[in-house]
Structures are given as structure tokens and as C-alpha cells.
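Residue numbers (UniProt numbering): 1 to 735.
Every residue gets a Cβ at the ideal spot worked out from N, C-alpha and C, and that includes glycine.
In this text, all values refer to a predicted model and were calculated from it rather than measured experimentally.
Worksheet for the structure shown next.
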Amino acid sequence: MLSMNKTSPRFWGINFLPHSTLQRLYMPFKTPTVQTASPAAILKDSQSLTKLPVSYSNLLSQCVAAKSLTSGLQDGGLGRTLHGLMLKMGLDLDQFSANALVDTYSKAREIEGAVAVFQEIAHPDVVSWNAVIAGCVLHDRNDLALMMLDEMNSSGTSPNMFTLSSALKACAAMRFKELGKQLHSCLIKRVADSDLYASVGLIDMYSKCEMMDDARRAYDSMPKKDVIAWNALISGYSQCGDDFEAVSLFSKMYNEDIDFNQTTISTVLKSVASLLAIKVCKQIHSISIKSGIYSDFYVINSLLDTYGKCNHIDEASKIFEERTWEDLVAYTSMITAYSQYGDGEEALKLYLQMQDADIKPDAFICSSLLNACAKLSAYEQGKQLHVHAIKFGFMCDIFASNSLVNMYAKCGSIDDADRAFFEIPNRGIVSWSAMIGGYAQHGHGKQALQLFNQMLRVGVPPNHITLVSVLCACNHAGLVNEGRQYFEKMEEMFGIKPTQEHYACMIDLLGRSGKLNEAVELVNSIPFEANGSVWGALLGAARIHKNIELGQKAAEMLYDLEPDKSGTHVLLANIYASAGMWENVAKVRKVMKDSKVKKEPGMSWIEIKDKVYTFIVGDRSHSRSDEIYAKLDQLGDLLSKAGYSPVVEIDIHNVNRSEKEKLLYHHSEKLAVAFGLIAMPPGAPIRVKKNIRICVDCHTFLKFVCKIVSREIIVRDINRFHHFKDGSCSCGDYW
């Protein structure tokens with residue numbers, strides 16, 4: 001180990017002050033007038049200090065225990081004043097007082113003062129070393145603590161159990177498993193490994209070094225185990241990802257009537273959340289109420305977090321509303337739960353409530369809110385959050401920065417996403433994948449591949465998500481050869497075996513480009529059972545190219561794999577309708593009715609002045625419905641003169657042409673765009689999100705509209721973005 005030079009004026013970031021300098025610093029100090037009891041009151045009679053030298057240590061100990069009237073922290077100020085008086089009077093520090101002074105500075109969050117006083121001790125004993133080493137550990141100067149331990153050994157002072165316990169904490173914090181093993185050996189030699197405090201330190205050290213077998217052995221060797229030992233082992237399993245074992249240990253603890261506390265409950269709930277074990281969460285919720293610790297701050301926040309991660313929003317919301325305090329942790333859990341559940345509007349409302357409560361957000365909340373805006377396509381609110389992120393200094397946080405890139409990309413502004421991406425100082429794989437995926441969704445296939453190659457040049461290896469984005473980029477841009485090359489060589493080049501997602505992307509790419517036979521061959525070559533995404537890609541290709549036989553085969557597979565999914569029935573019905581096979585369309589509808597499968601209604605969202613409006617087909621619930629339909633009528637007349645004709649072939653209803661035109665006329669994205677035209681300032685881009693694939697008629701309709709009204713219209717459907725401008729779409733009619 002490294003050796004510490006005690007004569008060095010500066011060591012590992014700490015400025016050490018010699019005794020003479022301390023004297024000059026403390027000489028001007030005057031004893032403050034304090035209206036409290038000892039030790040402050042005792043300091044008024046400074047002459048009495050010379051009579052009982054041993055009282056220094058007693059007074060200093062009281063200083064550690066005393067609470068500061070101004071800061072609420074342990075009162076190092078009084079201890080420092082006492083030290084100043086001793087120096088002013090030229091008193092020599094006896095061993096007891098010196099040790100007490102080191103302990104005072106350590107516990108009063110002034111580690112520099114503790115080390116400085118320690119260096120002035122001519123012959124430090126084991127108490128001196130323990131005080132300074134424990135102080136370093138207390139203030140996360142674990143590197144310095146271990147170097148002090150080395151210096152202690154070199155000085156000939158033998159460490160005792162308390163020294164080794166502090167050193168174990170330092171090893172745990174720095175993940176020094178080899179040194180931790182050596183300390184364990186020292187404890188065994190001193191027959192101290194059976195000591196409760198030392199044993200818990202061993203469990204904690206081995207757990208943090210991810211050596212759970214050793215942690216379990218240390219635990220099993222304990223003759224008597226208290227709640228701290230149980231908590232240490234449960235926490236270890238939880239931290240190492242063995243959540244099932246953590247929950248099993250708590251179950252054993254509960255069944256054997258072993259006392260537990262709020263720390264036990266909070267720790268095990270982390271594992272329950274990771275396992276998404278909602279039944280266990282409810283049981284622990286009940287146990288916490290029966291045991292009387294439900295009102296604990298940490299227990300309530302842990303339950304809130306667990307219910308949220310298990311997608312039980314109602315239970316989480318109830319706990320959130322019943323709490324009796326306002327705090328950042330509760331808001332973070334609830335906002336994150338709403339965001340992950342897909343209820344971004346509630347997440348944003350809660351953020352406003354949080355601001356009203358004057359609670360400052362953190363980077364994690366910022367990241368969750370940006371993700372909520374991404375799901376809502378709430379561009380304006382996302383921009384406001386960007387401003388907040390800058391204001392609160394979150395732009396240096398990698399998670400918030402990545403979420404910002406994702407938000408702008410999914411809100412339809414790829415240029416803003418691009419700027420946010422290049423402002424990230426240290427881009428990791430998530431940053432690169434988010435930007436490559438953004439380019440892919442917007443149909444910028446070549447830019448996505450260029451960025452991917454740039455990522456490889458700077459030495460960032462891709463993961464499976466990056467390669468999904470690369471294949472999607474090739475798919476949306478119709479880059480068949482490039483996609484085939486990356487797919488065939490991904491294992492050889494990057495050591496990543498193709499998964500269901502990669503196969504689905506490649507089959508979709510081949511199918512859309514008309515290479516149906518090659519797509520079928522690839523499906524048959526998959527080394528595992530293909531899932532719904534693979535057969536869904538094949539069904540989509542069959543719809544585009546009106547291949548009835550292939551569509552039927554893919555649909556049959558999907559009926560078995562995803563019987564409750566309405567999209568399969570709708571796509572097959574579309575294939576039959578495009579071929580005029582109305583009897584088959586009727587059969588598909590009968591199957592849906594008999595199976596009680598409900599068609600997912602097409603929905604569109606548009607954001608106007610920080611509020612998100614939702615539309616469904618034929619919607620007349622909006623307060624400005626009359627204006628919206630009047631705008632559609634006006635557009636219809638202009639579009640007819642410009643040459644637009646409704647694409648009625650895509651409608652699966654067996655009705656006459658005029659009825660079909662009326663049904664197409666009232667699709668949700670048309671209503672949303674019409675509302676945007678009457679509610680937004682002239683020239684402002686219109687951004688619409690849709691929950692299903694945009695139909696051919698709406699796509700054609702919007703190409704005409706964007707040219708007539710001279711507006712950019714951005715539609716995000718379930719697959720990609722469509723930027724309508726000057727009569728054309730960014731997808732090149734390839735989607």
C-alpha cells in the first residue's frame with residue numbers, strides 16, 4: 001500500500017496546517033456570549049480550564065454531542081473555540097484532550113482540522129488512530145482512511161477491532177475485495193470475526209464487492225444475528241440483483257417472528273419492485289400497517305415507488321395523496337410512475353403541483369418528465385422543461401441529456417434533437433442510440449448510418465438496441481443492401497446475435513421492398529420460434545403487396561400467438577377489402593365479434609398552448625367542433641379543385657362510395673389538423689401524434705393540405721414520422 005508522508009504540507013486534497021499556524025488562526029477568537037448550558041457556559045470561565053487538564057476531553061465530548069443553535073449540526077464551533085482558548089493560553093495538549101479534539105473535528109464534519117490535530121500528536125495511540133480513520137470513513141475519504149491504516153501499521157501500533165471495522169467500511173465503499181479479505185483474516189486471528197459489529201461489516205463489505213457467497217458465509221457464522229445483520233444480507237442480495245433471494249430472506253425472517261424495522265421493509269420493497277411482484281407488495285403493505293411502521297417516511301415512499309413500478313397507479317396515487325408531508329422523493333416516484341404508465345398529462349400536472357409546493361426538482365424528475373413529453377409528443381411543454389433543465393443545471397446529467405434528445409426526436413423536431421445530442425459532452429451508447437433511432441424514425445436513413453459509423457470511429461461499441469435502430473433506419477429509407485449487410489454480419493462484427501427484434505426489422509425491410517420470398521425464407525430460418533413482431537412484419541408486407549395467401553398464413557400464426565390483438569384482424573380485412581372479397585371481410589368481422597376482440601379506435605393528439613387535445617374518428621365532443629368541421633368543408637372544396645380524390649379502396653366497410661368518402665373524411669388526424677389550423681398562429685408547424693398507422697387517404701390528404709395552406713404538418717404514427725411540406729412527405733410515400 002501507499003505510504004503517507006506526515007511532513008507533507010498537502011496530502012490527497014487536504015491542506016494540513018502546522019500547530020503554529022493554528023495558533024495564529026485561533027488567537028483572535030473570542031469566547032462568544034452564549035445563552036445555553038454547558039459546554040458553552042463553561043467556556044465563559046476560561047481560567048478554570050487550566051485547573052483540570054483532563055476536563056478538556058470531557059468538554060470536547062460534550063461539544064460533539066451539542067447541537068448548534070444556528071445550523072442544527074454537531075457543534076464543531078464550540079469545539080474549535082475551546083481549541084483556540086487552549087492554544088491562546090499556551091497549554092500543551094495531553095493525550096486525552098488531543099484524542100478528544102480529533103474526535104470532535106471528525107464528527108463535526110471538519111476532517112481537515114481532525115487530520116491537522118492528529119499530525120501534531122507526537123505518539124498517537126490506538127484511540128488517536130481510530131478517531132482519525134473513523135472520521136475519514138465518516139466523510140467518504142475512504143482512500144485516506146486506508147492510507148492512514150497503512151501508516152498505523154508502519155508506526156508499530158496494532159489495529160484493534162474498531163480500527164478494522166472502520167477499514168472494512170472503507171473497503172466496502174471502494175470495492176477493495178482483496179484488501180477486505182485480508183482484513184477478514186486479521187479479524188479471525190484476533191478472534192473478532194464473531195463480534196456482531198465486525199460481522200455486519202464483513203457482510204456489508206462482501207455484498208458491496210458482489211461476493212454474496214462470502215457474505216452469506218459471514219452471516220451464517222454469526223452465533224447470534226440481530227436485525228442489522230438480517231438487513232445487511234437482504235440489502236446485499238438486493239444490490240447484487242438477486243431480488244428473489246432478498247424477498248425469500250424477508251419471508252423467512254417474518255415467518256420465524258424475527259423483529260424487523262423500517263429499513264428491512266424499505267430494502268425488501270426495492271427487490272419487490274424489480275420483480276414486479278405486486279401480490280408481495282400488497283402483503284408487505286399489510287404487514288407494515290399491522291406492525292405500526294407504515295407511517296414511516298421511508299416505508300411510505302418505498303411502497304409508493306413499488307406500486308408505481310408495478311403499474312398499479314391507483315394504489316400509488318392513494319398513498320401519494322394520503323401522505324402528510326411534501327418531499328422530492330414522493331413526487332419523483334409518482335411522476336415516474338405516471339410517465340412509465342403512459343399518463344404523461346398527469347405527470348406534467350404533478351410537476352406543476354410540485355412547483356406550487358416550492359420543491360426544487362432533480363435531474364431524475366427532469367428526465368422522467370421529458371420522457372412523458374416524448375410519449376405525448378408535447379413539443380411546447382418539452383421546450384419549457386428544456387429551459388428548466390438549463391436553469392437548474394441538469395444539462396450535465398447524462399440521463400436528462402439523453403431524455404432531451406429522445407424528447408425532441410419523438411416530438412418531431414429532429415433538428416433540435418441533433419443540437420441537443422452534439423451538446424452532450426460525454427456521449428455514451430444510450431446517447432448515440434437515441435440519436436440514431438431519431439434519424440431512423442424520421443426517415444433519415446443515410447444520416448443514421450453516417451452517425452453509426454462515426455460512433456464506431458470514436459470507439460463506442462454498439463449494443464442490440466443500436467443495431468435495431470440501424471436496421472430500422474435502413475427499413476424506413478428502403479436501404480435493402482445496407483440492411484442485409486449489417487444483419488448478416490452483426491454477430492461477426494459486433495458479437496451480437498440477432499434477436500426477435502432484429503429479425504422483425506429485417507423481414508419488414510425485405511417485405512416492404514417487395515422481396516416476399518426472401519422474407520419468408522428468413523422467417524423459416526429463424527433458430528427459435530418466431531414471435532408476434534416477426535409474423536406481424538410479414539402480415540404488413542402482405543397487405544402492402546396485396547398477397548392474400550401470405551396474409552392468411554401470417555394471420556393464422558398471429559391468431560395463436562396474440563389472440564386478443566385486433567390489429568391482425570384489421571390488416572387481414574384490409575387485404576380482403578382491397579381485393580373486393582367482401583364475404584371474407586364479413587367473416588373476419590364475425591370472428592372478431594365471436595372472440596370479443598375489439599378494434600382499437602384510431603386516435604390523434606395535438607398540443608395547443610400547453611394543453612393536449614385528443615380526437616377520435618367522427619369526434620364531435622370538442623367545444624369548437626362546429627369550427628373544425630367547417631374548416632374541413634373549406635379544405636375539401638380547395639382540395640377537390642387541386643385534384644385530390646379520396647382513396648376509398650382502403651375502407652373495409654361494404655357501403656357505397658359516398659358513405660366511404662364521408663367515413664374517411666372524419667378520420668382523427670384530419671380533425672386534429674383542422675383544429676390546429678384554426679387554433680394555432682399562421683405559419684406555425686402543426687404536430688400530430690397518432691396511435692395507429694396513418695392510412696393512405698389521410699397521407700394523400702395531408703400532402704395536398706400542406707401545400708394549399710403553406711404549413712409544415714408533422715404526423716407521428718405508430719411506426720415513424722411523416723413531415724408534410726410543399727406537397728410531399730419526407731417518407732417518399734414509402735411507409
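{"Item": "Can you tell me where the beta strand (DSSP E) with residue 716 in it begins and where it stops?", "Value": "713-716"}
{"Item": "Between which residues of its own chain and residue 315 is the CB-CB distance below 7 Å, once the five residues before and five after are set aside?", "Value": "307"}
{"Item": "Using the C-alpha atoms, what's the distance from residue 293 back to residue 240?", "Value": "26 Å"}
{"Item": "Consult DSSP for residue 128 and reduce its assignment to one of helix, strand or coil.", "Value": "helix"}
{"Item": "Among 138, 152, 145, 187, whose alpha-carbon lies nearest the alpha-carbon of residue 161?", "Value": "187"}
{"Item": "According to DSSP, which residues form a beta bridge with residue 722?", "Value": "715"}
{"Item": "Quick check on the burial criterion: 16 or more other C-beta atoms within 10 angstroms. Buried or exposed for residue 528?", "Value": "exposed"}
{"Item": "Tell me the rounded alpha-carbon separation between residue 404 and residue 370.", "Value": "6 Å"}
{"Item": "Less than 8 Å between the CB atoms is what I'm expecting for residue 301 and residue 330, so what's the real figure, rounded?", "Value": "6 Å"}
{"Item": "Going by DSSP in three states, residue 603 sits in which element: helix, strand or coil?", "Value": "strand"}
{"Item": "Short check: CB of residue 507 to CB of residue 537, under 7 Å?", "Value": "yes"}
{"Item": "Would residue 406 be called buried (16 or more neighbouring beta carbons within 10 Å of its own) or exposed?", "Value": "buried"}
{"Item": "My output table needs one value for residue 565: the three-state DSSP class, helix, strand or coil.", "Value": "coil"}
{"Item": "In its own chain, which residues sit with a C-beta less than 7 Å from the C-beta of residue 523, not counting the 5 before and 5 after it?", "Value": "507, 530, 534, 538"}
{"Item": "Assuming residue 366 and residue 344 form a contact by the criterion Cβ under 8 Å, report the distance between their Cβ atoms to the nearest whole angstrom.", "Value": "About 14 Å separates the two Cβ atoms, so there is no contact after all."}
{"Item": "Here's a check: name, in chain order, each residue in its chain whose Cβ is nearer than 7 Å to the Cβ of residue 447, leaving out the five neighbours to either side.", "Value": "439"}
{"Item": "So is residue 458 buried or exposed if we call it buried at 16+ other beta carbons inside 10 Å?", "Value": "exposed"}
{"Item": "Counting Cβ pairs, one atom from each stretch, are 3 or more of them under 8 Å apart for the region 630-647 and the region 561-579?", "Value": "no"}
{"Item": "Name the DSSP bridge partner or partners of residue 729?", "Value": "724"}
{"Item": "From residue 616 to residue 359, what distance separates their C-alpha atoms?", "Value": "37 Å"}
{"Item": "I'd like to know whether the C-beta atoms of residue 266 and residue 298 end up nearer to each other than 7 Å.", "Value": "yes"}
{"Item": "Assess contact between the region 711-718 and the region 656-667, defined as three or more Cβ pairs (one per stretch) separated by less than 8 Å. Is contact present?", "Value": "no"}
{"Item": "Take every Cβ of the region 121-133, pair it with every Cβ of the region 153-169, and state whether three or more of those distances are shorter than 8 Å.", "Value": "yes"}
{"Item": "Apart from the five residues just before and just after residue 37, which ones in its own chain have a Cβ nearer than 7 Å to its Cβ?", "Value": "Because residue 37 sits at a pLDDT of 40, beneath the cut-off of 50, its placement in the model cannot be relied upon, and the following sentence gives the value as read from the coordinates. Closer than 7 Å at Cβ, skipping near neighbours: no residue."}
{"Item": "Could you tell me which residues DSSP pairs with residue 597 in its beta bridges?", "Value": "DSSP output for residue 597 lists no bridge partner at all."}
{"Item": "I need the DSSP call for residue 575, collapsed to helix, strand or coil.", "Value": "helix"}
{"Item": "When you compare the CB positions of residue 668 and residue 604, do they come within less than 7 Å of one another, or not?", "Value": "yes"}
{"Item": "Going by other Cβ atoms of all chains shown within 10 Å of its Cβ, with 16 needed for buried, is residue 391 buried or exposed?", "Value": "exposed"}
{"Item": "Who are the Cβ neighbours of residue 701 in its own chain at under 6 Å, not counting the five residues just before and after it?", "Value": "none"}
{"Item": "Given a cut-off of 7 Å on the beta-carbon distance, is the pair residue 628 and residue 676 in contact?", "Value": "no"}
{"Item": "Quick one: what does DSSP say residue 73 is sitting in, helix, strand or coil?", "Value": "Confidence in residue 73 is poor, its pLDDT being 36 and thus under 50, which makes the residue's placement unreliable; the coordinate value appears in the next sentence. Residue 73: coil per DSSP, three-state reduction."}
{"Item": "Over what stretch of residues does the beta strand (DSSP E) that includes residue 446 continue unbroken?", "Value": "Unbroken run through residue 446 is the alpha helix (DSSP H), 445-457; no beta strand (DSSP E)."}
{"Item": "Below 8 Å on the Cβ atoms is my guess for residue 377 versus residue 720; work out the distance and round it to an integer in Å.", "Value": "Contact doesn't hold; Cβ gap of about 13 Å is too wide."}
{"Item": "Would you please state the rounded distance, in angstroms, between the beta carbons of residue 227 and residue 250? I believe it to be under 8 Å.", "Value": "About 11 Å separates the two Cβ atoms, so there is no contact after all."}
{"Item": "Can you list, in chain order, the residues of its chain whose CB lies under 6 Å from that of residue 723, leaving out five sequence neighbours each side?", "Value": "714, 730"}
{"Item": "Would you tell me roughly how many angstroms separate the C-alpha atoms of residue 481 and residue 515, rounded to the nearest one?", "Value": "12 Å"}
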